[in-house]
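Top to bottom, those sequences are chains A and B.
Per the numbering used here, residue 1131 is the first one in the first sequence, and the count goes up by one each step.
Per the numbering used here, residue 1375 is the first one in the second sequence, and the count goes up by one each step.
Let me begin by presenting the structure, written as structure tokens, before commenting on it.
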Amino acid sequence: MAGTIQVERISKYYNRNRPDEVRALSEVDLTIAAGEALAVNGASGCGKTTLLGLVGCMSRPTSGSVLLDGRDVSRLPERFLGDIRRRTFGFIFQQLNLIKSISVLENTLLPLYPGKLSMKEMKIRAERILARFDLTARAGVKVSRLSGGEQQRVAIARALIHQPQVIIADEPTAHLDSVLAAELLDILDELNREGKTVLIATHDPFVSNHPLINRVIRMRDGRIVD
Amino acid sequence: MIRLLKILEFALSSLARRKFKNFSIIVVYSFTIAVLASVLLLTHSLKKMAMDVLVDGPDIVVQRLSGGRHDLIPADYSGIIEKIPGVGRVQPRVWGYYYDSLNHTNYTMLGIDEERQRFVMVDGKAPADDDQCMIGQGVAGAQHAETGMDLLLIDGNGIGYSCEISGVFKAASDLWTNDLVLFTKDALRRFFAMPDGLATDITVEVFNAREVPQVAQKIKRLLPDTRPITIDEILHTYESIFNWRSGLMLTIFTSSLIAFSILAWDKATGISGEEKQEIGILKAIGWDTGDVLTLKLCEGMVISATSFLVGVSMAYAHVFLLDAPLFVPVLKGWSVLFPRFHLVPYIDAYQIIVLGFLTILPYMASTVLPSWKAAITDPENAMRGV
Chain A
1131 MAGTIQVERI SKYYNRNRPD EVRALSEVDL TIAAGEALAV NGASGCGKTT LLGLVGCMSR
1191 PTSGSVLLDG RDVSRLPERF LGDIRRRTFG FIFQQLNLIK SISVLENTLL PLYPGKLSMK
1251 EMKIRAERIL ARFDLTARAG VKVSRLSGGE QQRVAIARAL IHQPQVIIAD EPTAHLDSVL
1311 AAELLDILDE LNREGKTVLI ATHDPFVSNH PLINRVIRMR DGRIVD
Chain B
1375 MIRLLKILEF ALSSLARRKF KNFSIIVVYS FTIAVLASVL LLTHSLKKMA MDVLVDGPDI
1435 VVQRLSGGRH DLIPADYSGI IEKIPGVGRV QPRVWGYYYD SLNHTNYTML GIDEERQRFV
1495 MVDGKAPADD DQCMIGQGVA GAQHAETGMD LLLIDGNGIG YSCEISGVFK AASDLWTNDL
1555 VLFTKDALRR FFAMPDGLAT DITVEVFNAR EVPQVAQKIK RLLPDTRPIT IDEILHTYES
1615 IFNWRSGLML TIFTSSLIAF SILAWDKATG ISGEEKQEIG ILKAIGWDTG DVLTLKLCEG
1675 MVISATSFLV GVSMAYAHVF LLDAPLFVPV LKGWSVLFPR FHLVPYIDAY QIIVLGFLTI
1735 LPYMASTVLP SWKAAITDPE NAMRGV
């Protein structure tokens, strides 16, 4: 099954060889099986977001390798990574990273613009996914006018519209109340049952203890400790 | 192709989102292009009109100098010039200026005889009798006159003079004929009370164009009190005058160029944190560097093309519909200060291409380069605005 991720002795430094050098990850090894739902726990600043970014080809490790279905993607030029990100990953960012000056529909469509679908097909797909997240009535509304929960659902719709194999969520319940957080985890659970790999960074025990999660790893100071 | 159209659609919506900023850019950009295009179109149109007339003119004009100033020349000098090998037709010309105090305009008065058949850009015909004349569009406008009517002037003795207008020059020759009144030579001599046997200058045709400088030298040797002026010198003088004047205009409007340069430099040296973050988001969700560059190229092209079209259209309207009221006092020169004339549109594709090259290319570069820098950055950094 596609979606197996292997992380081999990766380290990540910011501001390397400068006085303000930061070691965010230190020789981390991790294997995530296709279809697995993994939670990464740890306090703020322990390296969870950096690990997710490296796994999702959002940045490159200082050393070590990231293998996606056996292929080392950590040394590929940037021009290939866009395609890999689009075909493989759906990101739900901690800060949501929506373009707030455009509508819900436009934000949701963003990952499909570089693809081969026509605008008509893109809109049909967007209508379906917005309906799934109860956002049909808000399709034409600018994201800046939505509540935090609604924005979170737009971010999820955007992450899923291109039907990625791996869903990466960074603190996905941070902006949600307990009801919405439960709803979100149920959605991710449903997707996981469909065969999607789910990788969640969180320090929320509610997420770590959810039935969705197959495995929990803990991080501290840039290392996996448990 | 579908991909490109989709990205173009997104580029248009992206531009619409920042409509005030983009509108401001288009206004400044269009104004800059309009200024540059106005100078180029006007200069080119004036040059073209001048060259169209001059190209059929005499190869050499011989003037007599007296005290370093232009003086009347003996008409029999033409006999001496005719004997120079390679010289064709030699014609003494009679011409001068007339100030119309009623209309506060200057007219150029020219006497013709044998050469009358050479005036092809005429509504009507050249004067055949001493009581006929042919006039330019500016004179016709100032006098509210047309073919068949009488033109009333005051002659050199202060006596009223009337002649029938046998023809009016067409607008295409306005640069040279706008303020022109043509008579027969005899009629004009009488009008100016000019002594017999003298002319204003002498025109010379040379069979072989390459021999014009040598013929001019021989005339100078044979007739030391004369100044032979070749057609190349005249063309060169006009070219220099128009180039100098357009250069002067460009200098005057350097401020607008500087403003545009600042705008371009501002864009070239960086994009806003919001734009960087947007590029980071697009990359994070699967756009590659090429997609981002296509998007920015589309945005730049839409702004450039819109500004270029608006700027060139404004310049066209300014120069050819409104007769360049902002620049014309500098570029037309003294000889047409009084009679107004209408510029005939001449647009050179080469000029438009050069204008596009000078304005669109720097803007496109200033748009794409910083976006390219952001686009090759890891999405994680770009989203943080790093």
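Glycine residues also receive a C-beta, built at the ideal position from the N, C-alpha and C atoms.
So which residues on chain B does residue i lean against when the C-beta distance must stay under 8 Å?
i	result
residue 1255 (chain A)	Per Cβ cutoff of 8 Å: no residues; residue 1255 (chain A) is ~13 Å from chain B at best.
residue 1191 (chain A)	Result: empty, since nearest Cβ-Cβ is about 11 Å, beyond 8 Å.
residue 1246 (chain A)	1376 and 1377
Cβ closer than 7 Å: which chain B residues qualify as neighbours of residue i?
i	result
residue 1156 (chain A)	Those do not exist, as residue 1156 (chain A) stays about 18 Å from chain B at its closest Cβ, beyond 7 Å.
residue 1229 (chain A)	1652 and 1655
residue 1336 (chain A)	Chain B residues near residue 1336 (chain A): none, gap ~26 Å exceeds 7 Å.
residue 1183 (chain A)	1754
Please classify residue i as buried or exposed, where buried requires at least 16 neighbouring CB atoms within 10 angstroms.
i	result
residue 1385 (chain B)	buried
residue 1744 (chain B)	buried
residue 1522 (chain B)	exposed
residue 1395 (chain B)	exposed
residue 1171 (chain A)	buried
residue 1674 (chain B)	buried
residue 1610 (chain B)	exposed
residue 1708 (chain B)	Its pLDDT being 48, under 50, residue 1708 (chain B) is placed unreliably by the model, and nothing is read from it.
residue 1189 (chain A)	buried
residue 1252 (chain A)	buried
residue 1322 (chain A)	buried
residue 1283 (chain A)	buried
residue 1178 (chain A)	buried
residue 1696 (chain B)	exposed
residue 1300 (chain A)	buried
residue 1474 (chain B)	buried
residue 1737 (chain B)	buried
DSSP three-state call for residue i: helix, strand or coil?
i	result
residue 1710 (chain B)	A caution first: residue 1710 (chain B) carries a pLDDT of 45, below 50, which makes its placement in the model unreliable, though a value can still be read off. Helix at residue 1710 (chain B).
residue 1349 (chain A)	strand
residue 1214 (chain A)	helix
residue 1523 (chain B)	coil
residue 1537 (chain B)	strand
residue 1576 (chain B)	strand
residue 1467 (chain B)	strand
residue 1787 (chain B)	Not covered by the structure: residue 1787 (chain B). The range shown for chain B is 1375 to 1760.
residue 1474 (chain B)	strand
residue 1508 (chain B)	strand
residue 1293 (chain A)	coil
residue 1548 (chain B)	helix
residue 1134 (chain A)	coil
residue 1340 (chain A)	coil
residue 1148 (chain A)	coil
Anything in chain A within Cβ reach of residue i, meaning under 8 Å, just list it in chain order.
i	result
residue 1387 (chain B)	1232 and 1236
Quick one, are the C-beta atoms of residue i and residue j less than 8 Å apart?
i	j	result
residue 1652 (chain B)	residue 1183 (chain A)	no
residue 1246 (chain A)	residue 1295 (chain A)	no
residue 1216 (chain A)	residue 1241 (chain A)	yes
residue 1203 (chain A)	residue 1234 (chain A)	no
residue 1352 (chain A)	residue 1154 (chain A)	yes
residue 1510 (chain B)	residue 1552 (chain B)	yes
residue 1662 (chain B)	residue 1212 (chain A)	yes
residue 1688 (chain B)	residue 1387 (chain B)	no
residue 1504 (chain B)	residue 1567 (chain B)	no
residue 1578 (chain B)	residue 1464 (chain B)	yes
residue 1292 (chain A)	residue 1660 (chain B)	yes
residue 1310 (chain A)	residue 1270 (chain A)	no
Can you list the residues of chain A that residue i reaches, using a CB-CB cut of under 7 Å?
i	result
residue 1762 (chain B)	No information on residue 1762 (chain B) is available, as it lies outside the stretch 1375 to 1760 that chain B covers here.
residue 1748 (chain B)	What residue 1748 (chain B) touches in chain A: nothing, since even the nearest Cβ is about 12 Å away.
residue 1384 (chain B)	1243
residue 1753 (chain B)	1188
Let me check one thing: in DSSP terms, what residues is residue i bridge-paired to?
i	result
residue 1331 (chain A)	A:1170 and A:1300
residue 1190 (chain A)	Residue 1190 (chain A) pairs with nothing; no bridge assigned.
residue 1444 (chain B)	B:1439
residue 1557 (chain B)	B:1485
residue 1250 (chain A)	In DSSP, residue 1250 (chain A) forms no bridge with anything.
residue 1498 (chain B)	B:1541
For the ligand NAD, is there a heavy atom less than 7 Å away from the beta-carbon of residue i?
i	result
residue 1136 (chain A)	No copy of the ligand NAD occurs in the structure displayed, which carries no ligand at all.
Against residue i, what residues of chain A qualify as contacts under a CB-to-CB distance less than 9 Å, listed in chain order?
i	result
residue 1757 (chain B)	1188, 1223, 1225 and 1227
residue 1664 (chain B)	1209, 1212 and 1244
Which chain B residues are close to residue i, counting only those with a beta carbon under 9 Å from its beta carbon?
i	result
residue 1240 (chain A)	1384, 1655, 1656, 1659, 1660 and 1661
residue 1153 (chain A)	None at all; the shortest Cβ gap to chain B is about 16 Å.
residue 1292 (chain A)	1659 and 1660
residue 1288 (chain A)	1659
residue 1215 (chain A)	1657, 1658, 1659, 1660, 1661, 1662 and 1753
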